[in-house]
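Trainee: Residues 1 to 402, numbered by the numbering used here, are exactly what the sequence shown covers, in order.
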Amino acid sequence: ELFEREAKVIANLHHPQIPKYLNYFYIDTQRDRCFYLIRELVWGNSLANWVKKGWHPTEIQVKNMAIQILKILSYLHQLNPPIIHRDIKPENIILQPDGQVFLVDFGAVKDIYRQTISFSGTFVGTIGYMPPEQLQGKAYCASDLYSLGATLLYLLTHRSPDELPQKRMKIDISSCVKISPEFMNWLEVILEPMWEDRFQSATAALNVLCNKSEMIYSASSSVQYSHQKPEGSEVTLKKTSTSLIIDIPSPLGEKAELVLFIFMPFLLFFSYLYCSASSPTDHIILWLLFSLIVTPLFLYILFECFHKTHIKIHQNKFLINWSYWIFSHTITAKTEDIMRVYIDQDFQSSREVITFLCKVGKKTSTFLGECKFGHSMNRIEKEWVIAEIRDFIKQLKPHKKV
Numbered sequence: 001e002l003f004e005r006e007a008k009v010i011a012n013l014h015h016p017q018i019p020k021y022l023n024y025f026y027i028d029t030q031r032d033r034c035f036y037l038i039r040e041l042v043w044g045n046s047l048a049n050w051v052k053k054g055w056h057p058t059e060i061q062v063k064n065m066a067i068q069i070l071k072i073l074s075y076l077h078q079l080n081p082p083i084i085h086r087d088i089k090p091e092n093i094i095l096q097p098d099g100q101v102f103l104v105d106f107g108a109v110k111d112i113y114r115q116t117i118s119f120s121g122t123f124v125g126t127i128g129y130m131p132p133e134q135l136q137g138k139a140y141c142a143s144d145l146y147s148l149g150a151t152l153l154y155l156l157t158h159r160s161p162d163e164l165p166q167k168r169m170k171i172d173i174s175s176c177v178k179i180s181p182e183f184m185n186w187l188e189v190i191l192e193p194m195w196e197d198r199f200q201s202a203t204a205a206l207n208v209l210c211n212k213s214e215m216i217y218s219a220s221s222s223v224q225y226s227h228q229k230p231e232g233s234e235v236t237l238k239k240t241s242t243s244l245i246i247d248i249p250s251p252l253g254e255k256a257e258l259v260l261f262i263f264m265p266f267l268l269f270f271s272y273l274y275c276s277a278s279s280p281t282d283h284i285i286l287w288l289l290f291s292l293i294v295t296p297l298f299l300y301i302l303f304e305c306f307h308k309t310h311i312k313i314h315q316n317k318f319l320i321n322w323s324y325w326i327f328s329h330t331i332t333a334k335t336e337d338i339m340r341v342y343i344d345q346d347f348q349s350s351r352e353v354i355t356f357l358c359k360v361g362k363k364t365s366t367f368l369g370e371c372k373f374g375h376s377m378n379r380i381e382k383e384w385v386i387a388e389i390r391d392f393i394k395q396l397k398p399h400k401k402v
C-alpha cells in the first residue's frame, strides 16, 4: 500500500526539483513480493552522504538549500488537496555539486484530507526529524517545516537532532551552533514543538527567510509576524488597534450578476412550459423536473456565486455575517470566548474552511461551538487571514493563545 501510494503521488507531481515518475511494477517470488519504482535518475549525493564525507556547509549554503526546499514545499502544500511529505530528512534530499537540491522518497506522503495517516497503527516518519504531532499520528503543512528545520540543524551540527541539548522540550539551538541572529530566530520558530507556533505555511517561512516579511517580538516574547496580503486576493482587511474587519467577496465577484442573468432566461422558459402544459401528467413531470433539476441548480448558483462573508472583531465581541444575494445570516459572540482559530474540513462540502472554536453558553453549562467560513478562499488566503486574526486577538489579550 505504501509503495503504490508513492507511485500514484509522484505520477501527479510536476516540479523541476522532484524526480519524474516513469513507471512501477512488482515481481512475485516464492517467499515475498518485490516492488520496483522507476523514476528519473538524479545525479548527486544525499545530504547525509555529503556530511559523512566531512562536508561542512556555510550558513549561506544552508540558507540556499532551505530556500530551495521551501519552494518545493510551497508547491506541494498548494496542491488541491495539499500534499504533506512527512519524512523530510538528510537521506531524502539530494544535493548536486552545483548547489541544486532534489526532494525524493514520497512513500510517506499524506494528502491533508485523509483522516487516517498512520499505517498498521504506527506513526510514519523518522525519529529526530519528525515533529511531536507526528508521534500522535497527525500531520500538518507545518510538520514538514519542522522536519526541514531539523535537517538544516543536522547540516550545521553534524549531529542527529534527537542528540542535541533541549530546554523545556525544545532544541536549544543557541548552545549548538554559531549563526547569525536572524537565521537563529528563524530556526527557533520553525522548530517550535507546537505546530501552531511555527510558520503556518512554507510560503510564510520563505518570505521571512528572504526578508520579504519580518518577525516581530512582543513584550510577552511570543513571535508575531507582519503578514503580506497574497497576490491577486480579493479579500479586504482593515485593522486598527481596536477592530479587525474582513470582507470575503463572492467567488465570481462582479461576474455573479452575469451568471444569474444567464440563468434567468432558462428559468423563464421552464416557467412558460409549465404554464403551457395542457394535461395534469405534463404538470407533474415538469414539476418533478423543476424540483429535481432547476431548484437545486438555482440554489447552487445562489449560495456559490452570491456568497459573501463579513467578519468584524472588536475587543469585546465579534460578528460574522453570511449573505446570499437577498438572504443573510448573522451570529455574534464575545471575543474572549474564541478558543482557537484554525483551518478545518467542512464535512458537508468536503472543503477546507476557517474555523472559530468558541465557548457557548453559561458557566454552568458551557460547550464548544464552531463558526466556519472562507470555503471559497485558497489555502494561502486562509493562512493569511488566520494569521491576522491570531495576531489581533493576541494584541488584545497578549497571554491568550489561539
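Positions of the beta carbon are idealized from the N, C-alpha and C atoms, including for glycine.
Remember, it's a predicted structure, so these values are computed and weren't measured experimentally.
Reducing DSSP to helix, strand and coil, say where residue 240 ends up.
Mentor: Position 240 of the sequence shown holds residue 240. Note: residue 240 maps to coil in three-state DSSP.
Trainee: Please classify residue 25 as buried or exposed, where buried requires at least 16 neighbouring CB atoms within 10 angstroms.
Mentor: For the purposes of this step, residue 25 is taken as the residue at position 25 of the sequence shown. Label assigned to residue 25: exposed.
Trainee: Between the C-alpha atoms of residue 98 and residue 55, what's the straight-line distance to the nearest angstrom?
Mentor: Stepping through the sequence shown from its first residue, residue 98 is reached at position 98. Stepping through the sequence shown from its first residue, residue 55 is reached at position 55. Roughly 14 angstroms between the two C-alpha positions.
Trainee: Let's see if you can read the secondary structure: which residues bound the alpha helix (DSSP H) around residue 145?
Mentor: Walking along the sequence shown from the start, residue 145 turns up at place 145. Looking at the DSSP string, the run of the alpha helix (DSSP H) that includes residue 145 is 141-157.
Trainee: If you pair each beta-carbon of the stretch 195-207 with each one of the stretch 43-63, do three or more pairs fall below 8 angstroms?
Mentor: no
Trainee: Taking the CB atoms as reference points, tell me whether residue 342 and residue 355 lie closer together than 8 angstroms.
Mentor: Translated into positions along the sequence shown, residue 342 becomes position 342. Translated into positions along the sequence shown, residue 355 becomes position 355. Going by C-beta atoms, residue 342 is nearer than 8 angstroms to residue 355.
Trainee: Can you tell me whether residue 140 is buried or exposed? The criterion is at least 16 other CB atoms within 10 Å of its CB, across all chains shown.
Mentor: The residue labelled residue 140 in the question sits at position 140 within the sequence shown. Its Cβ being crowded by 16 or more others within 10 Å, residue 140 is buried.
Trainee: Does the Cβ-Cβ distance between residue 146 and residue 187 come in under 8 angstroms?
Mentor: For the purposes of this step, residue 146 is identified with residue 146 of the sequence shown, where counting begins at 1. For the purposes of this step, residue 187 is identified with residue 187 of the sequence shown, where counting begins at 1. At the C-beta level, residue 146 and residue 187 stay beyond 8 angstroms of one another.
Trainee: Measure from the alpha carbon of residue 183 to the alpha carbon of each residue in 208, 194, 248, 8, then state which is nearest.
Mentor: For this step, residue 183 is matched to residue 183 along the sequence shown. Nearest C-alpha to residue 183: 208.
Trainee: Taking the beta carbon of residue 86 as the centre, do at least 16 other beta carbons fall within 10 Å, making it buried, or is it exposed?
Mentor: Numbered from 1 along the sequence shown, position 86 holds the residue referred to as residue 86. Result: buried.
Trainee: Considering just the uninterrupted stretch of the alpha helix (DSSP H) at residue 26, what are its terminal residues?
Mentor: Within the sequence shown, numbered from 1, the residue matching residue 26 stands at position 26. No alpha helix (DSSP H) contains residue 26, which is instead part of the beta strand (DSSP E) from 21-28.
Trainee: Taking contact to mean at least 3 C-beta pairs separated by less than 8 angstroms, is the stretch 284-297 in contact with the stretch 312-320?
Mentor: no
Trainee: Please confirm if the stretch 124-137 is in contact with the stretch 156-164, defined as three or more CB-CB distances below 8 angstroms between the two stretches.
Mentor: yes
Trainee: With DSSP as the reference, label residue 222 as helix, strand or coil.
Mentor: Locating residue 222 in the sequence shown gives position 222, where the first residue counts as 1. Reliability of the predicted coordinates at residue 222 is poor, the pLDDT of 40 falling under 50, and the value obtained from them is presented with this limitation in mind. In the structure shown, residue 222 sits in coil (DSSP, three-state: anything other than H, G, I, E or B).
Trainee: Does the Cβ-Cβ distance between residue 50 and residue 95 come in under 8 angstroms?
Mentor: Indexing the sequence shown from 1 puts residue 50 at position 50. Indexing the sequence shown from 1 puts residue 95 at position 95. In contact: residue 50 and residue 95 (Cβ atoms closer than 8 angstroms).
Trainee: Rounded to the nearest angstrom, what separates residue 20 and residue 100 at their Cα positions?
Mentor: In the sequence shown, counting from the first residue as 1, residue 20 sits at position 20. In the sequence shown, counting from the first residue as 1, residue 100 sits at position 100. Distance between the alpha carbons of residue 20 and residue 100: 16 angstroms.
Trainee: Quick one: what does DSSP say residue 337 is sitting in, helix, strand or coil?
Mentor: Walking along the sequence shown from the start, residue 337 turns up at place 337. DSSP places residue 337 in the helix class (H, G or I) of the three-state scheme.
Trainee: Per DSSP, residue 351 forms a beta bridge with which residues?
Mentor: Along the sequence shown, one-based indexing puts residue 351 at 351. 346, per the DSSP bridge assignment.
Trainee: Round the Cβ separation of residue 66 and residue 148 to the nearest angstrom and send it over; I've been treating them as touching at under 8 angstroms.
Mentor: For the purposes of this step, residue 66 is taken as the residue at position 66 of the sequence shown. For the purposes of this step, residue 148 is taken as the residue at position 148 of the sequence shown. Correct: roughly 7 angstroms between the Cβ atoms.
Trainee: Considering only their Cβ atoms, is the gap separating residue 193 from residue 151 smaller than 8 angstroms?
Mentor: Translated into the one-based positions of the sequence shown, residue 151 becomes position 151. Translated into the one-based positions of the sequence shown, residue 193 becomes position 193. No.
Trainee: Buried or exposed for residue 200, please, with buried defined as at least 16 other CB atoms from any protein chain shown within 10 angstroms of its CB.
Mentor: Taking the sequence shown and counting its residues from 1, one reaches residue 200 at position 200. Buried: at least 16 other Cβ atoms inside 10 Å.
Trainee: Enumerate in chain order the residues of its own chain whose CB-to-CB distance from residue 158 is below 8 angstroms, with the five nearest sequence positions on each side excluded.
Mentor: Taking the first residue of the sequence shown as position 1, residue 158 is located at position 158. Correct list, in chain order: 51, 56.
Trainee: In terms of alpha-carbon separation, which member of 393, 288, 106, 234 lies closest to residue 7?
Mentor: As a position in the sequence shown, residue 7 is number 7, starting the count at 1. Out of 393, 288, 106, 234, 106 has the C-alpha closest to the C-alpha of residue 7.
Trainee: What is the DSSP secondary structure of residue 391, reduced to helix, strand or coil?
Mentor: On the sequence shown, position 391 is the one that residue 391 refers to. Three-state result, residue 391: helix.
Trainee: Measuring only the C-alpha atoms, how far is residue 358 from residue 381?
Mentor: What you label residue 358 is simply residue 358 of the sequence shown in a count that begins at 1. What you label residue 381 is simply residue 381 of the sequence shown in a count that begins at 1. Taking C-alpha positions only, residue 358 is separated from residue 381 by approximately 22 angstroms.
Trainee: Given residue 371, which residues of its chain have a CB within under 6 angstroms of its CB, disregarding the five upstream and five downstream residues?
Mentor: Sequence index remark: in the sequence shown, residue 371 carries index 371 (1-based). Correct list, in chain order: 320, 356.
Trainee: Quick check on residue 34: does DSSP put it in helix, strand or coil?
Mentor: What you label residue 34 is simply residue 34 of the sequence shown in a count that begins at 1. Of the three classes helix, strand and coil, the one that applies to residue 34 here is strand, per DSSP.
Trainee: Quick one: Cα of residue 10 to Cα of residue 268, how far?
Mentor: Here residue 10 refers to the residue found at position 10 when the sequence shown is read from its first residue. Here residue 268 refers to the residue found at position 268 when the sequence shown is read from its first residue. Going from the Cα of residue 10 to the Cα of residue 268 covers about 49 angstroms.
Trainee: Pop quiz: residue 384 and residue 170 are said to be a contact at Cβ under 8 angstroms. What is the actual Cβ separation, rounded to whole angstroms?
Mentor: The sequence position of residue 384 within the sequence shown is 384, counting from 1. The sequence position of residue 170 within the sequence shown is 170, counting from 1. 26 angstroms between Cβ atoms; not a contact.
Trainee: Would a C-beta distance cut-off of 8 angstroms place residue 62 and residue 155 closer than the cut-off?
Mentor: Taking the sequence shown and counting its residues from 1, one reaches residue 62 at position 62. Taking the sequence shown and counting its residues from 1, one reaches residue 155 at position 155. Yes; because the gap between Cβ atoms is below 8 angstroms, this pair is in contact.
Trainee: Could you compute how far the alpha carbon of residue 53 sits from the alpha carbon of residue 46?
Mentor: Within the sequence shown, the letter at position 53 stands for residue 53. Within the sequence shown, the letter at position 46 stands for residue 46. Going from the Cα of residue 53 to the Cα of residue 46 covers about 11 angstroms.
Trainee: Between 23, 386, 31, which lies nearest to residue 237 when the distance is taken from Cα to Cα?
Mentor: Within the sequence shown, numbered from 1, the residue matching residue 237 stands at position 237. Its Cα nearest to that of residue 237, the residue 386 stands out among 23, 386, 31.
Trainee: To the nearest angstrom, how far is the alpha carbon of residue 233 from that of residue 178?
Mentor: Position 233 of the sequence shown, counted from the first residue, corresponds to residue 233. Position 178 of the sequence shown, counted from the first residue, corresponds to residue 178. Approximately 40 angstroms between the Cα atoms of the pair.
Trainee: Grab me the residues of residue 334's own chain with a C-beta within less than 6 angstroms of its C-beta, minus the 5 sequence neighbours each way, in chain order.
Mentor: For the purposes of this step, residue 334 is identified with residue 334 of the sequence shown, where counting begins at 1. Correct list, in chain order: 317.
Trainee: What would DSSP say about residue 386, mapped onto helix, strand or coil?
Mentor: Looking up residue 386 in the sequence shown gives position 386. Residue state, collapsed to three classes: helix.
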